[in-house]
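And the structure:
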């Protein structure tokens, strides 16, 4: 099965992924939790937190669809007025405006762990007041043009898979769900470009391209649920970034609807006609407008793929090897390097590493023929080829990790991820600093901190951390404290506050420190020009 | 001789390149001019234009350095006041402020053909009122912070090699010449990055990097005179872009001085922390601030290089071949394809093409080992390998073409270049449309229109046109009319108004049409935030 065969995951609120996929923790994982002092809530000695309730307990997490029950707190928000609803219906048709609790609950927040914990606690304070489903760029533009007059803020929603904090506009607001913008508008085989609408979810976009023999090659871990518009708005980067690049490197054109009109960018792959404004819109996270379509570079579908595991003596040894590939090539399509702890946690069977002598696991993947020259570089750098077994294990499980978070939360574990990037020379100290900051901040519930590299560039790389520990009595506060410490460690060690998750609300303060107050003012000036009434995603980014 | 051995060209106003290099037109070229009806000014039947004057006539083009004579018209501008001069001296020291005519004349305009023609006509209307030479970022920042109070506009100047029109602030203005910012500040061998100050000219930067074993790999045709700051401000692209990328792709960090303070960007190669603001500053052409240094990706110096000529039956056949390399690889470092007319004009010896049977010439170059796989793609696409001869001829003459313009002007020819880029599917029609527009607009003096492709991407390519015809009585107006027609043809055929020359004043109207009024407003908002008094490069870009 390739990516284009995967179904779109219709996410349910408060629990990751396709609900038809039951994920159970392996026995080894349950054992490991005991070693971290993690106890299922309700068990003797477990905290009274919101860890999911005892087995069989009702948790207020998932609405089954529009009309399903939602927490009582949701009703506290005022209903939209008749004129507001009439305006929305006049643009998209009344059948495409919903204000039932189920729909609103299903469009609340994203999928950070604190988002999930607040779902579990029944917190509906940031539920939208209505969900609107436009079918075209013009409908999106008309909504944005009229919302100020109708005193409505707008939260764009395409995949809903953010993990960096949603927002809670203080006034009435609607969510604009882009799922009806789901067309492959154009495919130019000579230029190898495709025009994709923003509401296309990852698998749907790949499926449409596959029918024509092409692939986008963008496979973030959120692939099953995330969308083209979300990739663009948040500068996404996928697991095949070594071969296909980041999403912002794939975009050669885009169309943005703003409250003041439309901006269309991209007459050529590259230009010297002023600043590259595409890169000003990409990453603007809905603060400047709603991206309704993008023109992306596509490539022929590979006819073969190869995934392989490699063992290195240590993370440092592996780091040197992947840097060599990033700087002198030839790069594979997928290149990942786990550190010692992540390797140990992820490998149920340590014999994979050739006898349990420790070391770290790297994964390489090729879309297309196997490239022996890549393997030769790894061998020269001290790598040991473990063959296709670990590679295929990784490939087939690549979208599973986020599914594990919910049962881990059920078991009383706090589990969350964070990520950064830096130039190569800073990577070792950055990794140490972030790990120590997390361990220090969570010393009351000693954590495991796992780390891997999954995106490389000539001048640097990303670092992706996973944290697992026992939940305290107040796990939201527990995580926010740890996250605060990690953010400071990242800044002090010279990393960027996010490599591919985005800014959202979780990183806003750190983001402002990173770019400086004058750059923030410049962004605010752009925002004020395109969205003078502050209708769009208030509080996000800037 | 490699690029790092070349001397910096101390440009003289109104005539391209190192004045110690005497360039004479080959006899074949002089013959060709006759076929275009081009006559040396002063000859019987030649127009009375400003084509360089009769042999031996004094042309008011080149000041020999500070203190040299300059056209009388220059004295019409008011002198700076005592307080203005005192302010400038207080920041940089009085020895680094010059207001003699020679220095000011030497910092007037750039090197477009209309710039040169206006030099030849003695037009000094846009001469700066003083030239200031800061030595550090802090001095640049202090200048910018104080200029509004002292009623001075600022024109940044690093290499002075613009070919898209300078500006003429209506009030008093100074030129800030960055040549004293000429340091390699840092070189990080692990990350393969170098911090270069903005005033470093191309050969000086390469020389400093070569001493450490590295290269930037950025070799635009203006290489001898252009500077790091200019590359950044104008989104330059060099002749080795197929291998090294554009300059904006090399920049991973930058420091910008603005009237309101400093912006520093770039904690990592790539980030999801909001829009990529580096790409908002790159290409801003001095309208937002002065880039004082950049952090660039560097690579090890190649130990071998190979250049080769290839023949294709037609431009269309060559186009398919270079597109195949751009989309499926492996790309060489240099990839150029001339059309039939450029091939014929540039080849004094048509036997190079293997018997004078027509066809077009492509050049490929490798920094590093020869890649047979690249050659195999060209062969499969119908290419015929002409060997190293034509490749070496191109390599050794690669910076000579602009030198030929001045003697061509002397001979009464109008010669100028323009360029664009588009997606592959639009390239053939774009080429035809621009050529026809130029031929139509210059029908009174039938032109030769040469074209080549020298920058390729997966989704598209650049087109570079050279136009040669007889000068009319008013060659400035003659060219502006042709340029206007070409600009419209580019827009109508879906190209960008400039691939690597920049916007300047020549492309401002077309640029605004390309990005739209709302995007222009957004840029103006950024400008107003960073430069509220409009001190910087008034009239440029936006």
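Protein chains in written order, with full-length UniProt numbering: chain E, 1 to 542; chain Y, 1 to 542. We put the beta carbon where it would ideally sit given N, CA and C, even for glycine. Please read these numbers as outputs of a predicted model, since none were measured by experiment.
Alpha carbon to alpha carbon, what distance is there between residue j and residue i?
| i | j | result |
| --- | --- | --- |
| residue 90 of chain E | residue 535 of chain Y | 47 Å |
| residue 64 of chain Y | residue 119 of chain Y | Any answer about residue 64 of chain Y is weak, because its pLDDT of 35 lies below 50 and its placement is not dependable; what the coordinates show is given next. Whole-angstrom Cα-Cα distance: 14 Å. |
| residue 26 of chain E | residue 506 of chain E | 31 Å |
| residue 530 of chain E | residue 493 of chain Y | 28 Å |
| residue 4 of chain E | residue 203 of chain E | 5 Å |
| residue 239 of chain Y | residue 455 of chain Y | 8 Å |
| residue 509 of chain E | residue 516 of chain Y | 32 Å |
| residue 486 of chain E | residue 538 of chain E | 26 Å |
| residue 416 of chain Y | residue 206 of chain Y | 28 Å |
| residue 384 of chain E | residue 391 of chain E | 13 Å |
| residue 182 of chain Y | residue 200 of chain Y | 4 Å |
| residue 432 of chain Y | residue 469 of chain Y | 18 Å |
| residue 151 of chain Y | residue 514 of chain Y | 33 Å |
| residue 51 of chain E | residue 413 of chain E | Note that residue 51 of chain E scores 40 on pLDDT, short of 50, meaning its location in the model is unreliable; the coordinates nonetheless yield the value given after this. Approximately 7 Å between the Cα atoms of the pair. |
| residue 341 of chain E | residue 194 of chain E | 41 Å |
| residue 60 of chain E | residue 116 of chain E | Because residue 60 of chain E carries a pLDDT of 32, less than 50, the predicted location of this residue cannot be relied on, and no value is offered for it. |
| residue 127 of chain E | residue 156 of chain E | 13 Å |
Mind listing the chain E neighbours of residue i? Cutoff is C-beta to C-beta under 9 Å, in chain order.
| i | result |
| --- | --- |
| residue 425 of chain Y | 188, 189, 190, 191, 193 |
| residue 345 of chain Y | By Cβ distance, chain E contributes nothing, its closest Cβ being about 26 Å from residue 345 of chain Y, past 9 Å. |
| residue 502 of chain Y | 272, 273, 274 |
Pick from the options: whose alpha carbon is nearest that of residue i?
| i | options | result |
| --- | --- | --- |
| residue 399 of chain E | E:14, E:256, E:21 | E:21 |
| residue 453 of chain E | E:390, E:205, E:326, E:140 | E:326 |
| residue 389 of chain Y | Y:310, Y:369, Y:81, Y:175 | Y:310 |
| residue 364 of chain Y | Y:268, Y:241, Y:450 | Y:241 |
| residue 275 of chain E | Y:273, Y:282, Y:411, Y:481 | Y:282 |
| residue 106 of chain Y | Y:43, Y:143, Y:136, Y:176 | Y:176 |
| residue 12 of chain E | E:225, E:397, E:148, E:328 | E:225 |
| residue 143 of chain Y | Y:467, Y:478, Y:262, Y:451 | Y:262 |
Do residue j and residue i have their beta-carbon atoms positioned less than 8 Å apart in this structure?
| i | j | result |
| --- | --- | --- |
| residue 217 of chain E | residue 191 of chain Y | no |
| residue 296 of chain Y | residue 196 of chain Y | yes |
| residue 330 of chain E | residue 373 of chain E | yes |
| residue 439 of chain Y | residue 447 of chain Y | yes |
| residue 500 of chain E | residue 237 of chain E | yes |
| residue 299 of chain Y | residue 377 of chain Y | no |
| residue 394 of chain Y | residue 465 of chain Y | no |
| residue 178 of chain E | residue 198 of chain E | yes |
| residue 180 of chain E | residue 231 of chain E | no |
| residue 86 of chain Y | residue 498 of chain E | no |
| residue 131 of chain E | residue 103 of chain E | yes |
| residue 313 of chain E | residue 387 of chain E | no |
| residue 78 of chain E | residue 172 of chain E | yes |
| residue 285 of chain Y | residue 520 of chain Y | no |
| residue 482 of chain E | residue 442 of chain E | yes |
Looking at residue i and the ligand COA, is the gap between the Cβ and the nearest heavy atom below 7 Å?
| i | result |
| --- | --- |
| residue 134 of chain E | This structure does not include the ligand COA; it has no bound ligands of any sort. |
The beta strand (DSSP E) that contains residue i, what's its start and end?
| i | result |
| --- | --- |
| residue 156 of chain E | 153 to 157 |
| residue 306 of chain E | 305 to 312 |
| residue 385 of chain E | 384 to 387 |
| residue 197 of chain Y | 193 to 197 |
Going along chain Y in order, which residues have a C-beta closer than 7 Å to the C-beta of residue i?
| i | result |
| --- | --- |
| residue 271 of chain E | 421, 496, 498, 499 |
| residue 459 of chain E | 191, 192, 193, 252, 269, 297 |
| residue 223 of chain E | In chain order: nothing, as chain Y lies at least about 16 Å away. |
| residue 511 of chain E | 273, 274 |
Using a cut-off of 8 Å between C-beta atoms, extract the partners of residue i located in chain Y.
| i | result |
| --- | --- |
| residue 275 of chain E | 279, 280, 281, 282, 283, 284, 523 |
| residue 264 of chain E | 516 |
Just reading off the alpha helix (DSSP H) that residue i is part of, what are its end residues?
| i | result |
| --- | --- |
| residue 341 of chain E | 340 to 346 |
| residue 29 of chain E | 27 to 35 |
| residue 380 of chain E | 372 to 380 |
| residue 514 of chain E | 508 to 515 |
| residue 242 of chain Y | 241 to 244 |
Along chain E, in chain order, which residues have C-beta atoms closer than 7 Å to that of residue i?
| i | result |
| --- | --- |
| residue 260 of chain Y | 518 |
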